[in-house]
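For reference, the structure discussed in these notes is given below.
There are 2 protein chains.
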Amino acid sequence: MSIGKDLVAASATPLVLAILSEGESYGYAIIKRVEEISEGELQWTDGMVYPVLHRLERAGYVEATWGKSESGRRRKYYRLTKRGTAELADQRRQWQIVTSTLRSTPFHRFQAIPQGV
Amino acid sequence: MSIGKDLVAASATPLVLAILSEGESYGYAIIKRVEEISEGELQWTDGMVYPVLHRLERAGYVEATWGKSESGRRRKYYRLTKRGTAELADQRRQWQIVTSTLRSTPFHRFQAIPQGV
DNA sequence: CATTATACATACCAGCCCTATGTATTCACA
DNA sequence: TGTGAATACATAGGGCTGGTATGTATAATG
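So the sequence lines, in the order shown, correspond to chains P and E.
When you line the first sequence up against the working numbering, it's residues 1 to 117, in that order.
When you line the second sequence up against the working numbering, it's residues 118 to 234, in that order.
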């Protein structure tokens with residue numbers, strides 16, 4: 001994808017937490033949801049999402065329970081914990097600071113140059 | 118500092134490029150400038166900035182020349198290259214996508230200690 | 001009956017911030 | 001005169017994390 005690795009890394013946690021704040025969900029659906037709300041710009045792989053969910057679980061930001069889809073496939077449903085909700089708020093604060101700092105530079109005046117120079 | 122490691126990582130390159138787009142500068146001054154425009158929220162260390170500058174130089178985004186301060190201390194001045202300017206534009210595009218995606222979620226509705234749906 | 005979509009898991013690799021450490025000069029101040 | 005702080009740059013090593021590749025398994029599709 002056309003988004004740098006470190007930016008993907010930085011946005012992974014807040015995006016997953018934000019999506020789960022809409023209601024409980026599971027790995028595969030989160031991948032689809034990210035693709036949907038980014039209008040196809042962000043395309044996560046499963047090999048990336050599951051480790052993120054495991055990490056969030058270890059950190060106590062989410063809880064998981066095994067369930068089943070209507071068709072019978074097993075699913076691991078995740079939902080935000082209280083700590084996860086607090087973490088989401090903190091993530092938002094951090095992004096505010098950084099984007100606000102970037103806006104203090106000529107950063108926002110640079111338009112993307114389509115190909116070539 | 119209170120900003121996560123991965124967010125610091127993701128913002129380092131665009132911030133340095135944006136600062137250099139204001140005019141040539143050097144490591145120590147960049148650290149001070151970041152602290153200034155973030156109003157003290159971002160406090161970079163020298164051990165973090167110099168490797169970033171070296172990486173940007175290897176990537177061809179910046180050029181460096183040795184100079185001296187008025188008082189006589191040696192300084193390495195960095196300035197944006199054409200490729201660096203293009204990279205800055207691309208970084209901006211990436212950040213637009215990610216922040217726009219985050220805004221598509223309840224992310225922006227979370228204030229310090231939310232809940233209440 | 002084979003391919004695709006769904007659904008989850010993990011080992012390995014590479015990249016990068018962070019900390020710690022080292023060198024060197026200028027300036028304030030006691 | 002001397003001592004610490006600020007200025008100024010450099011790099012080695014550790015730890016964390018996403019990306020890739022791979023494996024398992026079931027349901028739907030044609």
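We put the beta carbon where it would ideally sit given N, CA and C, even for glycine.
As the structure is a prediction and not an experimental result, all values here were calculated from the model.
Judged by DSSP secondary structure, Arg200/E falls outside any beta strand (DSSP E) and instead within the alpha helix (DSSP H) spanning 199-220. The beta carbon of Thr162/E is closer than 8 angstroms to those of Ile148 in its chain, skipping five residues each way along the sequence. Exclusion of the five residues before and after Tyr143/E leaves Arg192, Lys193, Tyr194, Tyr195 as the residues of its chain whose Cβ lies within less than 7 angstroms of its Cβ. Using a C-beta cut-off of 8 angstroms, the stretch 130-138 of chain E makes contact with the stretch 205-216 of chain E, since at least three inter-stretch Cβ pairs fall below that distance. Residue range 62-68 is occupied by the beta strand (DSSP E) that includes Gly67/P. A residue is called buried when at least 16 other Cβ atoms come within 10 angstroms of its Cβ; Arg150/E meets this threshold and is buried. A straight line joining the alpha-carbon of Thr218/E with that of Lys199/E spans about 29 angstroms. Closer than 9 angstroms at the C-beta level to chain P, one finds these residues of the stretch 186-220 of chain E: Lys199, Thr202, Ala203, Leu205, Ala206, Asp207, Gln208, Arg209, Arg210, Gln211, Trp212, Gln213, Ile214, Val215, Thr216, Ser217, Thr218, Leu219. Within chain E, the residues Leu219, Thr222, Pro223, Phe224 have their CB atoms less than 7 angstroms from the CB of Ala18/P, given in chain order. In its chain, beyond the 5 residues on either side, Leu80, Thr85, Leu88 have a beta carbon closer than 8 angstroms to the beta carbon of Ser21/P. Counting the other Cβ atoms within 10 Å of the Cβ of Ser188/E gives fewer than 16, which makes it exposed. The three-state secondary structure of Ser142/E, taken from DSSP, is strand. CA-CA distance, Arg172/E to Glu24/P, rounds to 41 angstroms. Note: Tyr167/E is not bridge-paired with any residue in the DSSP secondary-structure output.
Between the C-alpha atoms of Val215/E and Arg73/P there is a straight-line separation of about 32 angstroms. Under the DSSP assignment, Ser11/P falls in the alpha helix (DSSP H) whose first and last residues are 5-20.
In this structure, Leu7/P lies near Ala127/E, with their beta-carbon atoms less than 9 angstroms apart. Closest option to Pro106/P, judged by alpha-carbon separation, among Val179/E, Arg175/E, Ile154/E, Tyr178/E: Ile154/E. Between Met48/P and the set Glu63/P, Thr13/P, Ala59/P, the nearest pair of CA atoms involves Thr13/P. Contact residues of the stretch 33-50 of chain P toward chain E are Ile37, Ser38, Glu41, Leu42 (C-beta to C-beta distance below 7 angstroms).
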